[in-house]
Amino acid sequence: MRVGAPKAVTAISRTLQEQIEHGLLACGSQLPAERKLSELFATTRVTVREALLQLESLGLVYREERRGWFISPPRLAYNLMQRSHFHAMVTAQGRVPTTEVISARMLPATAAVCERLQLPALSSVIQICRGRRIDGRLVLYVEHYLNPQYFPQILELDLTQSITELYARHYDLHYGRVRFEIVPTALPVEAAATLKVSTGSPGLRIARVNYDQHERLIDCDLEYWRHDAIHVGVDVQER
């Protein structure tokens, strides 16, 4: 495998970063093809690719399989202490959310899901897999696992809507206590395919275990975010 010259890689990376930071390369716009960039910088495609990978690690550019490289839009502010949901959170920040359902079915719970939902062995759960967009860009793949005891006929509802709102409207259930686990991860096959990136691309996994207002453990979510899509923050106030 050929390796680009370090000085050339750094020079190209800095040049593109300056153009991005000064707004000359607009958020969401597509970069020229790697071949065109290699001609522009009078270097090899290997060197250009290494420079782009550096910028990708900084969250300044992203790539989609068979489409090319794009300038990353601003990150979404994700406040763990704010009780909201995807559509409300995105809309409140002046952006446009959309959700598409990939699959929705009843299936046997894995050992990990049984543990999270405190279910006995060989239990069934409702699994809902969805892809979520901000301003048209796929940024999130999420797997929802619901205890079917609390959500009869939910698979017959419009699952492109906020599940939080469906709970409230159809089941008079509201989220109470929640437990988060956040870890950097390599995107698994299903998440990578949905987000149109290579399997193993960097991502952020947020696992949430949710209780309702009656302290019943009702569902858990596994969120897989593009690593450049969100900024996780927490506001804590002493009582």
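First residue of the sequence shown: 1133, per our numbering; consecutive thereafter.
Idealized CB from N, CA, C, for every residue including glycine.
Would the beta-carbon of Val-1271 fall within 8 Å of that of Ile-1314? Translated into positions along the sequence shown, residue 1271 becomes position 139. Translated into positions along the sequence shown, residue 1314 becomes position 182. Not a contact, by the Cβ cut-off of 8 Å.
Does the beta-carbon of Leu-1319 have 16 or more other beta-carbons within 10 angstroms, so that it is buried, or is it exposed? Locating residue 1319 in the sequence shown gives position 187, counting from the first residue. Its Cβ being crowded by 16 or more others within 10 Å, Leu-1319 is buried.
Does the count of Cβ pairs from the segment 1346-1354 and the segment 1183-1203 closer than 8 Å reach three? These segments do not touch.
Under a three-way DSSP split, which group does Val-1135 fall into? Indexing the sequence shown from 1 puts residue 1135 at position 3. Reliability of the predicted coordinates at Val-1135 is poor, the pLDDT of 48 falling under 50, and the value obtained from them is presented with this limitation in mind. Three-state result, Val-1135: coil.
Would you mind reading off the limits of the beta strand (DSSP E) that contains Thr-1179? Position 47 of the sequence shown, counted from the start, is the residue given in the question as residue 1179. Element bounds for Thr-1179: not the beta strand (DSSP E) but the alpha helix (DSSP H), 1177-1189.
Between the beta-carbon of Gln-1214 and the beta-carbon of Val-1141, is there less than 8 Å? Position 82 of the sequence shown, counting from 1, holds the residue named residue 1214. Position 9 of the sequence shown, counting from 1, holds the residue named residue 1141. Contact flag unset, no.
Taking all protein chains shown into account, decide if Thr-1326 is buried (16 or more other Cβ within 10 angstroms of its Cβ) or exposed. By one-based count along the sequence shown, residue 1326 stands at place 194. Looking at its Cβ environment, which holds 16 or more other Cβ atoms inside 10 Å, Thr-1326 is buried.
Alpha-carbon to alpha-carbon, Gln-1345 and Ala-1158: For the purposes of this step, residue 1158 is identified with residue 26 of the sequence shown, where counting begins at 1. For the purposes of this step, residue 1345 is identified with residue 213 of the sequence shown, where counting begins at 1. In this structure, the alpha-carbon of Ala-1158 lies about 44 Å from that of Gln-1345.
Specify, as a first and last residue, the run of the beta strand (DSSP E) that Arg-1444 falls within. The requested residue 1444 does not occur in the structure, where the chain is confined to residues 1133 to 1371.
Beta-carbon spacing of Ala-1323, Tyr-1273 below 8 Å: Taking the first residue of the sequence shown as 1, we reach residue 1323 at position 191. Taking the first residue of the sequence shown as 1, we reach residue 1273 at position 141. Yes; because the gap between Cβ atoms is below 8 Å, this pair is in contact.
Ile-1338 versus Glu-1355: straight-line alpha-carbon distance, rounded: Position 206 of the sequence shown holds residue 1338. Position 223 of the sequence shown holds residue 1355. Whole-angstrom Cα-Cα distance: 5 Å.
Taking the Cβ atom as the reference point for each residue, do Leu-1184 and Val-1193 lie within a distance shorter than 8 Å? Residue 1184 sits at position 52 when you count from the first residue of the sequence shown. Residue 1193 sits at position 61 when you count from the first residue of the sequence shown. In contact: Leu-1184 and Val-1193 (Cβ atoms closer than 8 Å).
Measuring straight from C-alpha to C-alpha, what distance separates Val-1321 and Pro-1284? Residue 1321 sits at position 189 when you count from the first residue of the sequence shown. Residue 1284 sits at position 152 when you count from the first residue of the sequence shown. Rounded to the nearest angstrom, the gap between the Cα atoms of Val-1321 and Pro-1284 is 30 Å.
With a threshold of 7 Å on Cβ separation, who are the neighbours of Gln-1151 within its own chain once the five nearest residues in sequence on each side are excluded? Counting from one through the sequence shown, the residue named residue 1151 turns up at place 19. Once the five neighbours on either side are set aside, the close Cβ partners of Gln-1151 are Leu-1157.
Pick helix, strand or coil for Pro-1252, following the three-state DSSP scheme. For the purposes of this step, residue 1252 is taken as residue 120 along the sequence shown, with counting starting at 1. Here Pro-1252 sits in coil by DSSP.
Can you check DSSP and say which residues form a bridge with Gln-1259? Mapped onto the sequence shown, residue 1259 falls at position 127. According to DSSP, which records beta bridges pairwise, Gln-1259 is partnered with Arg-1237 and Tyr-1277.
Presumed contact (8 Å Cβ cut-off) between Gly-1268 and Glu-1232, rounded CB distance: Taking the sequence shown and counting its residues from 1, one reaches residue 1268 at position 136. Taking the sequence shown and counting its residues from 1, one reaches residue 1232 at position 100. In fact, because the Cβ distance is near 12 Å, the residues do not count as touching under 8 Å.
How many angstroms separate the CA atom of Ile-1234 from the CA atom of Leu-1291? As a first step, residue 1234 is located in the sequence shown; it is residue number 102 there, counting from the start. As a first step, residue 1291 is located in the sequence shown; it is residue number 159 there, counting from the start. So the two alpha carbons sit approximately 10 Å from each other.
At what residues does the beta strand (DSSP E) containing Tyr-1194 begin and finish? On the sequence shown, residue 1194 is found 62 positions in, with the first residue counted as 1. Residues 1193-1196.
Where the alpha helix (DSSP H) through His-1306 begins and ends: Stepping through the sequence shown from its first residue, residue 1306 is reached at position 174. It is not in any alpha helix (DSSP H) - His-1306 carries neither H nor E in the DSSP assignment.
Look at Arg-1358 and Gly-1335 and say whether their C-beta atoms are less than 8 Å apart. If you number the sequence shown from 1, residue 1358 lands on position 226. If you number the sequence shown from 1, residue 1335 lands on position 203. Going by C-beta atoms, Arg-1358 is nearer than 8 Å to Gly-1335.
How would you write the range of the beta strand (DSSP E) that Arg-1348 sits in, first residue to last? Numbered from 1 along the sequence shown, position 216 holds the residue referred to as residue 1348. Arg-1348 -> no beta strand (DSSP E), and no H or E assigned at all.
Kindly indicate the opening and closing residues of the alpha helix (DSSP H) around Val-1222. In the sequence shown, the residue the question calls residue 1222 occupies position 90. Element bounds for Val-1222: 1218-1224.
Closest by C-alpha distance to Leu-1208, when choosing among Gln-1293, Arg-1265 and Arg-1301: Numbered from 1 along the sequence shown, position 76 holds the residue referred to as residue 1208. It is Arg-1265 whose Cα lies nearest to the Cα of Leu-1208.
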